[in-house]
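Undergrad: Residue numbers (my numbering): 4 to 337. For each residue, glycine too, the CB sits at the ideal point set by N, CA and C. Mind having a look at this structure? Questions to follow.
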């Protein structure tokens, strides 16, 4: 479903370009871009985030952009296109020129939002470049809160039904689904409050506006180090190496494991040559950039490389799984 242009089609287009361009000097390609694809990249690359500064996607892209600038001789700019639970960012990239200079930082939300809401564009209007990382979800509360694990929170929820507020990312997001799964599978009665992005969510829990929050480790790191928040649980298969004393939900009897991916997509129509170039660049960064490695290990992320084709197949599975899951929750758009 999320596939690149086939080699046969590319060859056909190259032949057409050679035939129609016989009278040209050879300095322009078939689209009149002065051979720009051969010189890629030769101008600023924009990485588009759907979340505000300080959120998980914005932070990932800023670190990725720094690593890119160490490898290539063009600037890399991060733009936050916030709104519509990722729909604004998706549409911006989908309607950009397919030349490799506007790329979308992609996560589960970009797949899920079009399943729950009518949107102008979806990931089907984009082409996969790669998946780079998997980001765990954690449970966090204020540092002065007496709760120290998930069991403490759920005991309080049982004693105060419907009163404990859980901050999550927007409706349909992996964090939002954790709360729904607790409600559906385990009868937990809590109040779910969705936020547009991780930065607002973390500010809300640190300020006492919500009781607990489901976030990403990197989003809360600064507040934890400042002594304002503490992490009291993870929704991972095993304990995180960077948080060895923090229990998983699974080991406390709640079989909920959720992962968020971090990847890159480009506008549909981007040439296979540009996709291949970007694949190589991002794989090199993931494997060889010490600064980028320090970032993702410090944020308790795991490297999870998938190339363009593999990422496309993975996105198919994510969409299929979430379609069934959202339908069971009554959240699938009509």
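Find the nearest neighbour of residue 233 within the set 148, 179, 168, judged by alpha-carbon distance.
TA: The shortest C-alpha separation from residue 233 is found at 148.
Undergrad: Determine the direct distance from the alpha carbon of residue 196 to that of residue 67, and round the result to whole angstroms.
TA: If I take the Cα positions, the gap works out to 30 Å.
Undergrad: Looking only at C-alpha atoms, which of 307, 251, 203, 319 sits nearest to residue 58?
TA: Here the closest residue by C-alpha is 203.
Undergrad: Report the rounded CA-to-CA distance for residue 271 versus residue 287, giving the unit in angstroms.
TA: Each residue's alpha carbon lies about 24 Å from the other.
Undergrad: By Cβ distance below 7 Å, which residues in the same chain neighbour residue 309 in space, the five residues on each side in sequence not counted?
TA: Here the set comprises 133, 134, 317.
Undergrad: First and last residue of the alpha helix (DSSP H) that includes residue 217?
TA: Per DSSP, residue 217 belongs to no alpha helix (DSSP H); it is in the beta strand (DSSP E), 215-218.
Undergrad: DSSP on residue 49, reduced to helix/strand/coil?
TA: DSSP places residue 49 in strand when its eight states are reduced to three.
Undergrad: Alpha carbon to alpha carbon, what distance is there between residue 201 and residue 239?
TA: C-alpha separation (whole angstroms): 19 Å.
Undergrad: Can you tell me whether DSSP reads residue 87 as helix, strand or coil?
TA: Of the three classes helix, strand and coil, the one that applies to residue 87 here is helix, per DSSP.
Undergrad: Start and end of the alpha helix (DSSP H) containing residue 182?
TA: Looking at the DSSP string, the run of the alpha helix (DSSP H) that includes residue 182 is 177-189.
Undergrad: To the nearest angstrom, how far is the alpha carbon of residue 302 from that of residue 220?
TA: Taking the straight line joining both Cα atoms gives about 5 Å.
Undergrad: Go ahead and pull the three-state DSSP assignment for residue 164.
TA: In the structure shown, residue 164 sits in coil (DSSP, three-state: anything other than H, G, I, E or B).
Undergrad: Identify whether residue 242 lies in helix, strand or coil by the three-state DSSP scheme.
TA: Residue state, collapsed to three classes: coil.
Undergrad: Hey, how far is the Cα of residue 315 from the Cα of residue 159?
TA: Their Cα atoms are separated by approximately 42 Å.
Undergrad: Would you kindly work out how many angstroms separate the C-alpha atoms of residue 231 and residue 145, rounded to a whole number?
TA: Their backbone Cα atoms lie some 6 Å apart in a straight line.
Undergrad: Tell me which residues share the same chain as residue 110 and place their Cβ nearer than 7 Å to its Cβ, disregarding the 5 neighbours each side in the sequence.
TA: Same-chain partners within the cutoff: 60, 263, 264, 265.
Undergrad: Flag this pair as yes or no: are the beta carbons of residue 184 and residue 205 separated by less than 8 Å?
TA: Cβ atoms of residue 184 and residue 205: not closer than 8 Å.
Undergrad: Could you give the distance in angstroms between the alpha-carbon of residue 245 and the alpha-carbon of residue 226?
TA: Taking the straight line from one Cα to the other gives about 16 Å.
Undergrad: I need the boundaries of the beta strand (DSSP E) containing residue 234, first residue and last residue.
TA: That run of the beta strand (DSSP E) goes 232-237.
Undergrad: What does the alpha-carbon distance come out to for the pair residue 88 and residue 328?
TA: So the two alpha carbons sit approximately 18 Å from each other.
Undergrad: Specify the secondary structure class of residue 123 as computed by DSSP and reduced to three states.
TA: Residue state, collapsed to three classes: coil.
Undergrad: Report all residues from its chain with a CB closer than 8 Å to the CB of residue 165; omit the five preceding and five following residues, and keep chain order.
TA: Excluding sequence neighbours, residue 165 sits near 192, 193, 194.
Undergrad: Please report the residue range of the alpha helix (DSSP H) in which residue 136 lies.
TA: No alpha helix (DSSP H) contains residue 136, which is instead part of the beta strand (DSSP E) from 129-139.
Undergrad: May I ask which residues mark the beginning and end of the alpha helix (DSSP H) holding residue 326?
TA: Looking at the DSSP string, the run of the alpha helix (DSSP H) that includes residue 326 is 311-332.
Undergrad: Which word fits residue 258, buried or exposed, when buried means at least 16 other C-beta atoms lie within 10 angstroms of its C-beta?
TA: Exposed is the call here.
Undergrad: Say whether chain C places a C-beta atom closer than 8 Å to the C-beta of residue 128.
TA: No chain C is part of this structure, which consists of one protein chain only.
Undergrad: If we count the other Cβ atoms within 10 Å of its Cβ and call it buried at 16 or more, is residue 320 buried or exposed?
TA: When all chains shown are included, residue 320 counts as exposed.
Undergrad: The beta strand (DSSP E) spanning residue 106 covers which residue range?
TA: Per DSSP, residue 106 belongs to the beta strand (DSSP E) from 105-109.
Undergrad: Whole angstroms is fine: what's the gap from residue 211's alpha carbon to residue 174's?
TA: Between residue 211 and residue 174, the C-alpha separation is close to 21 Å.
Undergrad: Look at the alpha carbon of residue 97 and the alpha carbon of residue 237, and state the distance between them as a whole number of angstroms.
TA: Approximately 34 Å, taken between the alpha carbons.
Undergrad: So, for residue 117: in the same chain, excluding its five sequence neighbours on each side, which residues have a beta-carbon less than 7 Å away from its beta-carbon?
TA: These residues qualify, in order along the chain: 125.
Undergrad: Let me know if residue 291 comes out buried or exposed under the rule of 16 or more other beta-carbons within 10 Å of its beta-carbon.
TA: So residue 291 ends up on the exposed side.
Undergrad: Can you tell which of 216, 330, 260 has the C-alpha that lies nearest to the C-alpha of residue 156?
TA: Checked all of 216, 330, 260; the closest Cα to residue 156 is 216.
Undergrad: Would you kindly work out how many angstroms separate the C-alpha atoms of residue 26 and residue 42, rounded to a whole number?
TA: Here the model assigns residue 26 a pLDDT of 40, short of 50, so the residue's position is not dependable, and the following value carries that caveat. Answer to the nearest angstrom: the Cα atoms are 22 Å apart.
Undergrad: Spatial neighbours of residue 74 within its chain, please: CB distance less than 7 Å, with the 5 preceding and 5 following residues excluded, ordered by chain position.
TA: Result list for residue 74: 284, 287, 288, in chain order.
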